[in-house]
Structure formats: C-alpha cells, structure tokens
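Presented below is the structure to which this report refers.
Protein chains: 2
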Amino acid sequence: MADSASQLSVISKQTLKRLPDYLNYLNSINKDDSDYISAPTIAKAMRLNDVQVRKDLASVCTSAGKPKKGFLISELIKSISSFLGYGNANEAVLVGTGQLGRALLSYNGFEDYGMKIVAAFDKLPVSSTINNKPVLTMDKLEDLCHRMHIHIGIITVPGPAAQEVCDRLVQSGILAVWNFAPVHLKVPEHILVQNENMAVSLAFLSKHLKKSIDKQP
Amino acid sequence: MADSASQLSVISKQTLKRLPDYLNYLNSINKDDSDYISAPTIAKAMRLNDVQVRKDLASVCTSAGKPKKGFLISELIKSISSFLGYGNANEAVLVGTGQLGRALLSYNGFEDYGMKIVAAFDKLPVSSTINNKPVLTMDKLEDLCHRMHIHIGIITVPGPAAQEVCDRLVQSGILAVWNFAPVHLKVPEHILVQNENMAVSLAFLSKHLKKSIDKQP
DNA sequence: TAGATTGTTAATCGATTAACAATC
DNA sequence: TAGATTGTTAATCGATTAACAATC
Numbered sequence: 021m022a023d024s025a026s027q028l029s030v031i032s033k034q035t036l037k038r039l040p041d042y043l044n045y046l047n048s049i050n051k052d053d054s055d056y057i058s059a060p061t062i063a064k065a066m067r068l069n070d071v072q073v074r075k076d077l078a079s080v081c082t083s084a085g086k087p088k089k090g091f092l093i094s095e096l097i098k099s100i101s102s103f104l105g106y107g108n109a110n111e112a113v114l115v116g117t118g119q120l121g122r123a124l125l126s127y128n129g130f131e132d133y134g135m136k137i138v139a140a141f142d143k144l145p146v147s148s149t150i151n152n153k154p155v156l157t158m159d160k161l162e163d164l165c166h167r168m169h170i171h172i173g174i175i176t177v178p179g180p181a182a183q184e185v186c187d188r189l190v191q192s193g194i195l196a197v198w199n200f201a202p203v204h205l206k207v208p209e210h211i212l213v214q215n216e217n218m219a220v221s222l223a224f225l226s227k228h229l230k231k232s233i234d235k236q237p
Numbered sequence: 021m022a023d024s025a026s027q028l029s030v031i032s033k034q035t036l037k038r039l040p041d042y043l044n045y046l047n048s049i050n051k052d053d054s055d056y057i058s059a060p061t062i063a064k065a066m067r068l069n070d071v072q073v074r075k076d077l078a079s080v081c082t083s084a085g086k087p088k089k090g091f092l093i094s095e096l097i098k099s100i101s102s103f104l105g106y107g108n109a110n111e112a113v114l115v116g117t118g119q120l121g122r123a124l125l126s127y128n129g130f131e132d133y134g135m136k137i138v139a140a141f142d143k144l145p146v147s148s149t150i151n152n153k154p155v156l157t158m159d160k161l162e163d164l165c166h167r168m169h170i171h172i173g174i175i176t177v178p179g180p181a182a183q184e185v186c187d188r189l190v191q192s193g194i195l196a197v198w199n200f201a202p203v204h205l206k207v208p209e210h211i212l213v214q215n216e217n218m219a220v221s222l223a224f225l226s227k228h229l230k231k232s233i234d235k236q237p
C-alpha cells in the first residue's frame, strides 16, 4: 500500500459529497422488499443519472453489482460507511457554548458520522459540563488539544471572535476546522476550513423561490 | 424585463455558492486602508483564481472595476447583497423545537441573509414562544402557511419524523425545504430540498485528516 | 511611460451523460 | 431467449484557468 494517501484523492469531490446522501437513502429503504437495489432505482429516487450512481458506487465498493439484480444493499451500506470513516470517530473540540454550540454538544449522532466531540471551551463557561462533556476555559485549549492529539476544531463563536479562536486552534495543533461563524477565516496552507455555510443554503433557497414565484402566472 | 426569471439562471451554481463568501470577506476587510480592492487581492485572500473572481463579480455587479485600482468595495457589497436578496427577507416556518430548532429560532442573524422565521411548530410545544416567535401545534401548520403565504419550511425534527413533516409542509404550500434531518426526503418535482448536510462536511473533514496524517512521517 | 489591473476570448480540466458490449 | 442491468469507453457539458489586448 505505497500510496494509500493518494488513493483517497482518486475519488472526486462531487462523489464524496454524494456518498452521505446514498447512505441516507439506502438506510431509508425497506430491506424486506428485496436485499438488492439497482442503480436505476437509486438514480430515480435520488434524481441522479444512473451511470453516475454506478460510477459513484464503483469508486468505493468492494463487491460488484449483479446484472439484472443490482447491488446488495447491505454491502453498499457497509462499503460507504467504512469509506467515510464512520465507526472510527475522529476526536474534536468545540469552542463557543452559545445556543448553536450547545445544540451541537447535545447531539449524539456525530459519532455515527465519524466525529466525537470530547470537550468544549468558552471564555466564560456557564456550566461545567454539557451533555456529559466538560466545558473548560479558553486557557486550557492548547494543552488539552496537544495532550489528546485532537485534530478537529469546531467554531461556534460569534463572527467577530472567530478568527482569534481559529488562530488559537491552529496553534493547538488542529488540522481541520469546522466553522459555523459567518466569516472568512485565514489559515495556513495545510489547514482545511470546512464552512458550514448556512448563508449558501439560504442563497439557494432564495434563488429557487424567486424562480418559482416568477414562473407563476 | 421580459426575462427577469431566466436571468437568474444565467449565474452558475458554483458562482452562487461563492457569493456569500465574497460578502463575508469584503465585510471583514478594513475599509480605512482603501476604498478599492483588486481581484488578485481578493483571489489571494480567498485562495481562488483571479480570473474567476473577476467573472464572479462581473455576473452580479452593476459597476465595472477600474484598471490599476480594482473594484469599489462598497459597490461590491451593495451589489452582492442585493443580488442575494438580503434585505427583503423571505418568511419561513420551522418544524421541530429540539435543541437545534431552538438554536435556529434564537439566532437573529437570518434576516440579514434573506430569511425570517415567523413561527415554529412542534407535536408537543413546551413553551408558547421562543425568541418572541410563537410555537404552535402541528395542526395549525397548514392554515398558517396558506394564510401568510409562507414558502420556506425548515425541518429540525429527528430523522424518522422528517418525511412526514416534509409532506405536510408541501401540502401547506411550501416551495423550498431547508432540511436539517439526516435523511433523504422525497418531494414533488417543483420543490427544492436544500440539505444542511453536516454529514457531508464531516466527510470532507475526515478525508482531509486522513490525507494530512498519512503525509506525516 | 511602465506596470498593474481590467474584461474577454480560447484552451484546459473535471464531471456528467450517452452509447454499447457483456452478463445473468 | 429477451430484457434488465452491469461496467466501460467516448462524447458532451460546464467550470476553471491561461493568454492577451485594452485601459488608466
């Protein structure tokens, strides 16, 4: 396995984006009907092209589909989950225990998606734990991250505070930042900033509405 | 303005995605330094190609840039904001007042991004208002949406309940759904589902980490 | 003027889709 | 067998980037 790292980049970003959706869909279908599902069926339900579905699945699945039958649903779920790293969760810290921060801390589903929040930080913690996770003051950030080898930092502070928090996360050895603050963060080359950009979603909603409403007589 | 509707689709999805980021960036820069900013400067800060920046800006901006100087920052902000419909907010209802739902209801920033939550719904409301917005029982949903001509529905219920809620929103005349539940929703052709897909973000974070860590000696 | 920047046209790149032979 | 489905190769589409003339 000389190039296990480069193998990762074989998969396209677009495919990677669709994988969680496949998983959602596959988990939603009733397995009592059949153990198999065909690419055209998935494509129709998810409004994709069937060739695209086959290519996407081929890029992550170990076992091939069977002509006339399709793909074994359980195999698909297993392959995609393991490709996405579900099951062996990366550990993360969260900074900012406002409404949104507390909501994320209270959600226990992230572990299923490959991430585990192990601690939260705030300038002025109002409680010592949230959902059994310790809430610490900011001065403990760097030490804890280094000691526990944390690589993911989640930013849920107000916009104006986000860059400073981001800098401190980077100093603490974080490699990937999940940013919920509506600001553009500056980071060194090797750090990934994944913006959970609600504004983008809202832009799409707004444009769709405008089109829909304009179309009406 | 015969084709104001079709004009909207002139802009590419990729450009639309970047517009909120431009706005974040432009708002973050210190206007004391200069009233103008050049495409190469924006490109470098946002890690984009400068031609791309120029094309993106050209597709939404009224006034052109000036050779050697660049673009008037205030004009850019005005143009992008107005293109994205910020300032005249679409009204929305939210269903599901768990942690995440309450967090969204408590956030007052959405109006700046073109959306205003006017009411929340829950099977069993625990309080009559959250952040001054009424929390109503589900049986009031259809009537209120029709009466107030609401076109956006936000789903923050647990996964298993999402499809049913979605169906009811569609029945209530909603045209666009902002879905926070980690499930694939089935909707009629003309309805937009915008998934706020945290799983996708997590997939990107996880893949980046794997690459980064594999690279280390 | 020289050089930085603009906007646009042409080339490249990546992703999607169409066409088709192979399989059960 | 016929027909549905597979996987792959080739064509198309859309987005990005390179090249370049125009401008201040």
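Which chain is which? The protein sequence lines are C and P, in order. All residue numbers for the first sequence refer to our numbering, where the first residue is 21 and numbers rise by one. All residue numbers for the second sequence refer to our numbering, where the first residue is 21 and numbers rise by one. For each residue, glycine too, the CB sits at the ideal point set by N, CA and C. Here the structure is a predicted model, which is why all the values come from computation and not from measurement.
{"Item": "Residue nearest to residue 229/C in terms of C-alpha spacing, selected from 123/P, 197/P and 35/P", "Value": "197/P"}
{"Item": "Opposing strand residues paired with residue 117/P [DSSP bridges]", "Value": "Looking at the DSSP assignment, residue 117/P forms no beta bridge with any residue, so it has no partner."}
{"Item": "Integer-rounded CB distance, given that residue 199/P should sit under 8 Å from residue 184/P", "Value": "No, residue 184/P and residue 199/P are not in contact; Cβ-Cβ is about 13 Å, not under 8 Å."}
{"Item": "Beta carbon proximity, residue 116/P to chain C, threshold 9 Å", "Value": "no"}
{"Item": "Whether residue 108/C touches residue 125/C by CB criterion (9 Å)", "Value": "no"}
{"Item": "Three-state secondary structure assigned by DSSP to residue 185/C", "Value": "helix"}
{"Item": "Cα-Cα separation between residue 186/P and residue 100/P, rounded to whole angstroms", "Value": "31 Å"}
{"Item": "Beta carbon proximity, residue 220/C to chain P, threshold 9 Å", "Value": "yes"}
{"Item": "Under 8 Å by beta carbon: chain C residues contacting residue 122/P", "Value": "119 and 123"}
{"Item": "Nearest candidate by alpha-carbon position, reference residue 106/P, set 194/C, 226/C, 177/C and 190/C", "Value": "226/C"}
{"Item": "Interface flag, residue 212/C vs chain P, CB-CB below 9 Å", "Value": "yes"}
{"Item": "Endpoints, beta strand (DSSP E) assigned at residue 157/C", "Value": "153 to 157"}
{"Item": "In DSSP terms, what residue 150/C is bridged to", "Value": "153/C"}
{"Item": "Residue of 164/C, 33/C, 58/C and 131/C minimising C-alpha distance to residue 94/C", "Value": "58/C"}
{"Item": "Below-9 Å beta-carbon distance, residue 41/P vs any chain C residue", "Value": "yes"}
{"Item": "Which listed residue (110/P, 141/P and 149/P) has its alpha carbon closest to that of residue 135/P", "Value": "110/P"}
{"Item": "Cβ of residue 37/P within 9 Å of any chain C Cβ", "Value": "yes"}
{"Item": "Element boundaries [alpha helix (DSSP H), containing residue 161/C]", "Value": "161 to 168"}
{"Item": "Of the residues 210/C, 179/C and 223/C, the one placed nearest residue 193/C, counting alpha carbons only", "Value": "210/C"}
{"Item": "Interface partners of residue 216/C on chain P, CB under 8 Å", "Value": "216, 218 and 221"}
{"Item": "Through-space distance from residue 75/P to residue 25/P, alpha-carbon basis", "Value": "Low confidence applies here, because residue 25/P scores a pLDDT of 33, under 50, leaving its location unreliable and the question unanswered by this model."}
{"Item": "Whole-angstrom distance between residue 88/P and residue 65/P, CA atom to CA atom", "Value": "18 Å"}
{"Item": "Contact with chain P by residue 229/C, beta-carbon distance below 9 Å", "Value": "yes"}
{"Item": "Near-chain C residues of the segment 176 to 203 of chain P (beta-carbon distance less than 7 Å), N- to C-terminal order", "Value": "195, 196, 198, 202 and 203"}
{"Item": "Check: residue 198/C C-beta below 8 Å from any heavy atom of the ligand MG", "Value": "The ligand content of the structure shown is nil, which means the ligand MG is not present either."}
{"Item": "Residue 5/C versus residue 72/C - alpha carbon distance", "Value": "The requested residue 5/C is not part of the displayed model; chain C covers only 21 to 237."}
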